[in-house]
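Notes follow once the structure below has been shown.
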């Protein structure tokens, strides 16, 4: 192609050179335009560690696949999730994509940043996405990927779309007219077929995703493929706002995770820097998600409720932060010698006070040695001990801190251990941004909500609120300033 030698691992028709495939660059907004909910039955998306070894029942920032080549943007926020090098991936497929597109001297993107090649690089690459192709590890099946074996071979990714309202896929076409920055990134179109029907698996209680009862009877064999992962691709999340992704499971047998031998479900989140462009057209997202591939994992144990909440996602120096640990024994057996530890970075916050439920010892004193914490060199700790937690018993511990200043964020980590769940136990975190940030919220209503004949008048009311810590002004949202753009549909004037 184009007078160059075509590597056998390159796609015919693309600009190629040996030994790497130099494919044409795609559109950043199209890369992120494939949104919705997806599932995978591919063995490469199964969790690592599998959970069959003691202490590995949960995925955390401290276990998984050590990334020999770290994503180029990982250090920008590793402190925010409490991750220490070597950073960890938790499935083989994700790590392969990171080696292709997100690391220095990567297999496809040598700089480990910027756009991915056209139709490559999506975190949900699969048959019903606009960017369907994956980077493929050509090494030993099931082995840890090596960058030398990662190729762009034109293989379709493993992620299969689930029919979901408001999901989108990419589209070709010219960039919408400027200077409206709200339209620049809108290259997605509804994920529907030519007849307007939603694309993907028609999920319902009567038509669940492929599944397997690994302890089922011989006349109901467990045959592959079965679903091992569900992924939500949302396009963009706004800093300082809280989001929820929900999944419902039908219990076929216990334990839910027969490999780990526990009723445990784990999830993680990662993303890139996709964003609408500024009015001048020169700002906005510029890198693919694999540059920032540093997953923030968490798990749920169905027989042991253990939650950590913070009252502010955004704060300023001098603000008070209140953390609440709430737990409950949801099993049918008593839990013995329970130790609950709260770990905080002493340079980020100052400990003020703690309260304890009636019936439990405490409140504890601040431990400057960080006993029970994963990084005692920087963390101080608070500890509660419960000799026996009977079925149905619960506890609530509350802690107050003051933001000290100097950090852009602070992370608080709560840890549960017991005789039944020894160290490293179960961990959960709460995160707060420490900066003056403006977050504009918009709610709208219309009166009347329907009309019998045209022409007719419709009155819109917009409620604008600043949910952030920064002042909303012409300069308060950085460049180009705070604004709310309301787009009226065709036919309204």
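In this note's numbering, the protein residues as written are 4 to 496.
We put the CB at the ideal spot given by N, CA and C, even for glycine.
Everything numeric in this text was worked out from a predicted model, so none of it was measured.
Cβ atoms of residue j and residue i: under 8 Å apart, would you say?
i           : j           : result
residue 353 : residue 405 : yes
residue 534 : residue 167 : The shown model of the chain, from 4 to 496, leaves out residue 534, and the question about it has no answer.
residue 299 : residue 437 : no
residue 313 : residue 330 : no
residue 133 : residue 200 : no
residue 202 : residue 195 : yes
residue 229 : residue 75  : no
residue 164 : residue 131 : yes
residue 41  : residue 162 : yes
residue 29  : residue 118 : yes
residue 54  : residue 268 : no
residue 489 : residue 459 : no
Comparing C-alpha positions only, which one of the options sits nearest to residue i?
i           : options               : result
residue 369 : 361, 379 and 362      : 379
residue 291 : 439, 274, 64 and 457  : 274
residue 388 : 192, 409, 418 and 52  : 418
residue 442 : 337, 473, 44 and 426  : 473
residue 428 : 65, 44, 45 and 41     : 65
residue 492 : 461, 469 and 466      : 461
residue 67  : 105, 301 and 197      : 301
residue 359 : 401, 468, 376 and 348 : 401
residue 51  : 231, 495 and 71       : 231
residue 412 : 349, 372, 423 and 105 : 349
residue 487 : 214, 422, 467 and 494 : 467
residue 152 : 141, 146 and 376      : 141
residue 250 : 129, 303, 256 and 264 : 303
residue 470 : 446, 456 and 458      : 446
residue 129 : 96, 357 and 145       : 96
residue 86  : 63, 242 and 102       : 63
How many angstroms separate the CA atom of residue i from the CA atom of residue j?
i           : j           : result
residue 364 : residue 294 : 46 Å
residue 252 : residue 209 : 13 Å
residue 476 : residue 439 : 13 Å
residue 399 : residue 367 : 13 Å
residue 463 : residue 451 : 9 Å
residue 326 : residue 82  : 19 Å
residue 69  : residue 47  : 16 Å
residue 320 : residue 448 : 37 Å
residue 498 : residue 116 : Given a span of 4 to 496 for the chain in the structure shown, any question on residue 498 remains unanswerable.
residue 143 : residue 123 : 22 Å
residue 444 : residue 236 : 22 Å
residue 84  : residue 433 : 9 Å
residue 245 : residue 392 : 32 Å
residue 247 : residue 409 : 30 Å
residue 259 : residue 272 : 21 Å
residue 423 : residue 390 : 12 Å
residue 361 : residue 328 : 15 Å
residue 59  : residue 120 : 36 Å
residue 147 : residue 106 : 16 Å
residue 270 : residue 381 : 27 Å
Give the C-beta separation of residue i and residue j to the nearest angstrom, bearing in mind that I take them to be a contact with Cβ-Cβ under 8 Å.
i           : j           : result
residue 150 : residue 110 : 5 Å
residue 38  : residue 125 : About 10 Å; that fails the 8 Å criterion.
residue 49  : residue 94  : 6 Å
residue 416 : residue 485 : About 34 Å separates the two Cβ atoms, so there is no contact after all.
residue 2   : residue 316 : Since the displayed the chain opens at 4 and closes at 496, residue 2 lies outside it and no answer follows.
residue 453 : residue 407 : About 55 Å separates the two Cβ atoms, so there is no contact after all.
residue 307 : residue 396 : Wrong, their Cβ atoms sit about 12 Å apart, outside the cutoff.
residue 73  : residue 88  : 7 Å
residue 305 : residue 266 : 4 Å
residue 137 : residue 160 : 4 Å
residue 403 : residue 355 : 4 Å
Is residue i near the ligand MN, going by C-beta to nearest heavy atom under 7 Å?
i           : result
residue 387 : The model depicted lacks the ligand MN and carries no ligand whatsoever.
Can you list, in chain order, the stretches of the beta strand (DSSP E) that have 3 or more residues and sit fully within the region 331 to 356?
Runs found: 338 to 348.
Which complete beta strand (DSSP E) runs does the region 67 to 134 hold, if anything under 3 residues is left out?
The qualifying runs do not exist here; there are none.
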